[in-house]
Amino acid sequence: MRILAIGGGGREHAIVEALARSEHDIYACMGNSNPGSARRAKEFLLVNEKDVAKVVEYAVAKGIELAVVGPEAPLEVGIADALETAGIPTASPTKAAARIETSKSFARELMLRRKIEGRTKFVVATDMDQVRSAVDDLGEDVVVKPSGLTGGKGVKVYGEHLMSREDIIGYATDILDRRIGGRAQLVIEEKLIGEEFTLQAFCDGETLVPMPAVQDHKRAFEGDAGPNTGGMGSYSQSGGLLPFLSSDDYDASVGIMRGVIEALRAEGSEYKGVLYGQFMLTREGPKVVEFNARLGDPEAMNVLTILDADFAAVCERMAGGNLAGMDVSFASMSTVCKYVVPEGYGTKPLAGEEIRIDETAIANEGAVLYYANVNADEGRVLTTTSRSAGIVGVAKEIADAERIAESAIQHVSGRIAVRHDIGKQAMLESRVQHMKEVRGGSR
Ligand code: AMP
Ligand code: GLY
Numbered sequence: 005m006r007i008l009a010i011g012g013g014g015r016e017h018a019i020v021e022a023l024a025r026s027e028h029d030i031y032a033c034m035g036n037s038n039p040g041s042a043r044r045a046k047e048f049l050l051v052n053e054k055d056v057a058k059v060v061e062y063a064v065a066k067g068i069e070l071a072v073v074g075p076e077a078p079l080e081v082g083i084a085d086a087l088e089t090a091g092i093p094t095a096s097p098t099k100a101a102a103r104i105e106t107s108k109s110f111a112r113e114l115m116l117r118r119k120i121e122g123r124t125k126f127v128v129a130t131d132m133d134q135v136r137s138a139v140d141d142l143g144e145d146v147v148v149k150p151s152g153l154t155g156g157k158g159v160k161v162y163g164e165h166l167m168s169r170e171d172i173i174g175y176a177t178d179i180l181d182r183r184i185g186g187r188a189q190l191v192i193e194e195k196l197i198g199e200e201f202t203l204q205a206f207c208d209g210e211t212l213v214p215m216p217a218v219q220d221h222k223r224a225f226e227g228d229a230g231p232n233t234g235g236m237g238s239y240s241q242s243g244g245l246l247p248f249l250s251s252d253d254y255d256a257s258v259g260i261m262r263g264v265i266e267a268l269r270a271e272g273s274e275y276k277g278v279l280y281g282q283f284m285l286t287r288e289g290p291k292v293v294e295f296n297a298r299l300g301d302p303e304a305m306n307v308l309t310i311l312d313a314d315f316a317a318v319c320e321r322m323a324g325g326n327l328a329g330m331d332v333s334f335a336s337m338s339t340v341c342k343y344v345v346p347e348g349y350g351t352k353p354l355a356g357e358e359i360r361i362d363e364t365a366i367a368n369e370g371a372v373l374y375y376a377n378v379n380a381d382e383g384r385v386l387t388t389t390s391r392s393a394g395i396v397g398v399a400k401e402i403a404d405a406e407r408i409a410e411s412a413i414q415h416v417s418g419r420i421a422v423r424h425d426i427g428k429q430a431m432l433e434s435r436v437q438h439m440k441e442v443r444g445g446s447r
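Numbering of the sequence shown is given in this note's numbering, commencing with residue 5 and proceeding in unit increments.
What follows is the structure, encoded as structure tokens:
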């Protein structure tokens, strides 16, 4: 089969590797020349991933038979709709279904309308009177989010980024005046207390097949300090749960995601592709932080590395609506993914710097390397302002997977940064301890 993967990051290199495991011809459309995807692909096109017309033209010219979209931005501009219209089955949601990510107000209102579990109190506001009355109702312990896409960087939390009612009002004014996220609309919601985790699932419009849970680390610096980023690294535990996550919590989260798929179907926006649930495990169980209409980055690298099933076949069935009955299993292994990022990532990343990656030495450590948003340039690898490479260790125990990832990172050099604490025992224990406190606490 001729399969097109769209996107040039670590997630997309992992997608390309997983597709290529079953002897297909892979094509890629990407905004940067990811050396990993480029090497694995039969051919690729350097293109703005949101340029729907160019991507579809390329797909048609190459006789593409199946497409998979990595990032959210092309989904928001209807790339899946356009590919499908051109007769190319696509394992990613339409523009309407992707609103579950591209409009935070839509996601919250859908959950409320359809009485889906895991809800938080929220208010959608388009003017400052609504903002002020929302703060009167919800109190100051809130989170303020632009309704539109901000690459994971638009959310501000009371007690972290916002310290007073004035700060809340100030940020809300900013969002509305400057149309942060592309529109003058925001969501103010109750601040959730607990441990965050990611649950991803394959969906074909009706059937939902969940993957192992993953915990990402969004903050730029060790000890969860510094600004929010796209994600600095992530781990998963053999068996699919996490050290602080029980099977009841996992099942409840799957139930919430099923509710979303049913709701979208009932409302005429059938959802095909990977659905990503970001959850907060609170004292009252899992609550939804947000949904994404795609695999997570870095979370894709955790799950696709241990997917036993034929990923191309899974994608074909997501697109075709016949996922039911397919055996989609994962190896019973733990994974730790650490992102190598340019120095300054999170504030002022150093773009255009050379980094050196000794692929052979990394393979000899038993780790898996995924290139991310870098550019191949005459044999050199140059950074961009985004993340550079994901390194994944796989082992029965998280601790061993972490050691493998760490040993492999020694073979990457240049002006880079890494969060070495991800997946380490001390970090895992602090998560478990935090969850104990939350369960015993007042919320
Ligand atoms: P999002 O872009 O919605 O994933 O938000 C980015 C980050 O903001 C999340 O990963 C959380 O850490 C935090 N966040 C978002 N919504 C909430 C909430 N309701 N309560 C607490 N933290 C939140
Ligand atoms: N790791 C967070 C995301 O992919 O949105």
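From the three backbone atoms N, C-alpha and C, an ideal C-beta is built for every residue, glycine too.
So, helix, strand or coil for valine 62, using DSSP? The sequence as given places tyrosine at residue 62; valine does not occur at that position. In this structure, DSSP gives tyrosine 62 a helical state, which the three-state scheme calls helix.
Are there 16 or more other CB atoms within 10 angstroms of the CB of threonine 364, so buried, or fewer, so exposed? The residue is exposed, with fewer than 16 neighbouring Cβ atoms inside 10 Å.
Host beta strand (DSSP E) of aspartate 381 (start-end): Where aspartate 381 is concerned, the enclosing beta strand (DSSP E) stretches over 378-381.
Beta-carbon contacts of leucine 180 that lie in its chain and below 6 Å, excluding the five residues immediately before and after: Excluding residues up to 5 positions away in sequence, Ala188 lie with their Cβ nearer than 6 Å to the Cβ of leucine 180 in the same chain.
Continuous alpha helix (DSSP H) stretch holding threonine 106: start and end: That run of the alpha helix (DSSP H) goes 103-106.
Measuring alpha carbon to alpha carbon, tell me which residue in Ser37, Asn36, Val20 and Gly35 is nearest aspartate 29. Distance check between aspartate 29 and each of Ser37, Asn36, Val20 and Gly35 places Val20 closest, using alpha-carbon atoms only.
Can you tell which of Thr154, Asp255, Val318 and Ile68 has the C-alpha that lies nearest to the C-alpha of leucine 87? Looking at the Cα atoms, Ile68 is the closest of the given residues.
Cα-Cα, which of Ala371, Ser392 and Asp362 is closest to glycine 356? The closest CA to that of glycine 356, considering only Ala371, Ser392 and Asp362, is found on Ser392.
Can you find a heavy atom of ligand 2 that lies under 6 Å from the Cβ of aspartate 404? No; taking the cut-off as 6 Å, the Cβ of aspartate 404 has no heavy atom of ligand 2 nearer than that.
Could you tell me which of Gly427, Gly243, Ala45 and Ala304 sits nearest to methionine 5, measuring between CA atoms? Measuring from the Cα of methionine 5, the nearest candidate turns out to be Ala45.
Could you pull the start and end residues of the alpha helix (DSSP H) that serine 338 belongs to? Counted as a single uninterrupted DSSP element, the stretch harbouring serine 338 is not any alpha helix (DSSP H) but the beta strand (DSSP E) occupying residues 338-346.
For ligand 2, is there a heavy atom less than 6 Å away from the beta-carbon of glycine 74? At a cut-off of 6 Å, the beta-carbon of glycine 74 does not count as near ligand 2: no heavy atom of the ligand is closer than that.
Look at the Cβ atom of alanine 267, then the Cβ atom of arginine 112, and state whether they are nearer than 7 Å. At least 7 Å separates the beta-carbon of alanine 267 from that of arginine 112.
Between the region 345-359 and the region 414-423, do at least 3 Cβ pairs fall closer than 8 Å? Segments in contact, yes.
So is arginine 321 buried or exposed if we call it buried at 16+ other beta carbons inside 10 Å? By the Cβ-count criterion, arginine 321 is buried, with 16 or more other Cβ atoms from all chains shown falling within 10 Å of its own Cβ.
Are there any heavy atoms of ligand 3 lying less than 6 Å away from the beta-carbon of glycine 156, as far as the coordinates show? For the structure depicted, ligand 3 is absent and the ligand set comprises only ligand 1 and ligand 2.
Where arginine 447 and aspartate 85 are concerned, what is the direct C-alpha to C-alpha distance, given to the nearest angstrom? Residue placement at arginine 447 is poorly supported in this model, since its pLDDT is 48, which falls under 50; the coordinates still yield a value, given next. A straight-line Cα-Cα distance of about 42 Å links arginine 447 and aspartate 85.
Which one of Gly230, Asn379, Val56 and Tyr343 has the shortest CA to CA distance from methionine 236? It is Tyr343 whose Cα lies nearest to the Cα of methionine 236.
Could you check the C-alpha separation between alanine 18 and valine 278 for me, to the nearest Å? Alanine 18 and valine 278 have their C-alpha atoms some 14 Å from each other.
How many whole angstroms separate the CB atoms of asparagine 38 and valine 422, which I take to be in contact at a CB cut-off of 8 Å? At roughly 19 Å, the Cβ-Cβ gap does not stay under 8 Å, so asparagine 38 and valine 422 are not in contact.
Going by other Cβ atoms of all chains shown within 10 Å of its Cβ, with 16 needed for buried, is methionine 215 buried or exposed? Taking a 10 Å sphere around the C-beta of methionine 215, we find 16 or more other C-beta atoms and assign the residue as buried.
Heavy atom of ligand 1 within 6 Å of lysine 160 beta-carbon: Taken from the Cβ of lysine 160, every heavy atom of ligand 1 lies 6 Å or farther away.
Measuring only the C-alpha atoms, how far is threonine 339 from phenylalanine 225? Threonine 339 and phenylalanine 225: Cα-Cα distance of roughly 21 Å.
Tell me whether asparagine 52 is buried or exposed, calling it buried when 16 or more other Cβ atoms sit within 10 Å of its Cβ. Exposed, since its Cβ has fewer than 16 Cβ neighbours within 10 Å.
Considering alanine 71, what are the terminal residues of the beta strand (DSSP E) in which it resides? For alanine 71, the enclosing beta strand (DSSP E) begins and ends at 70-73.
Pick from Lys125, Thr154, Leu153 and Thr130: whose alpha carbon is nearest that of aspartate 145? Of the listed residues, the one whose Cα sits closest to aspartate 145 is Lys125.
What is the DSSP secondary structure of proline 231, counted as helix, strand or coil? Residue state, collapsed to three classes: strand.
Would you say the beta carbon of aspartate 171 is closer than 6 Å to some non-hydrogen atom of ligand 2? No, since every heavy atom of ligand 2 falls outside the 6 Å radius drawn around the Cβ of aspartate 171.
Strand pairing of aspartate 29, partner residues [DSSP]: In the DSSP output, where bridge partners are listed per residue, aspartate 29 has Arg6.
Which two residues bound the contiguous alpha helix (DSSP H) that contains glutamine 414? In the DSSP assignment, glutamine 414 falls outside any alpha helix (DSSP H), carrying neither H nor E.
Note down, in chain order, each residue of its chain lying with its Cβ closer than 7 Å to the Cβ of serine 257, except the 5 sequence neighbours on either side. Leu203, Gly281, Phe283 and Pro290.
Residues that DSSP places opposite leucine 203 in a beta bridge: In the DSSP assignment, the residues bridged to leucine 203 are Gly281.
Identify the continuous beta strand (DSSP E) that holds glycine 237 and give its terminal residues. Here the beta strand (DSSP E) through glycine 237 covers 237-240.
Using CA atoms only, rank isn't needed, just tell me which of Arg103, Ala102, Glu61 and Ser107 is closest to threonine 89. Of the listed residues, the one whose Cα sits closest to threonine 89 is Glu61.
Please state if the CB of glycine 394 and the CB of methionine 261 are separated by a distance shorter than 7 Å. Judged by beta-carbon spacing, glycine 394 lies beyond the 7 Å limit of methionine 261, meaning their Cβ atoms are not closer than that value.
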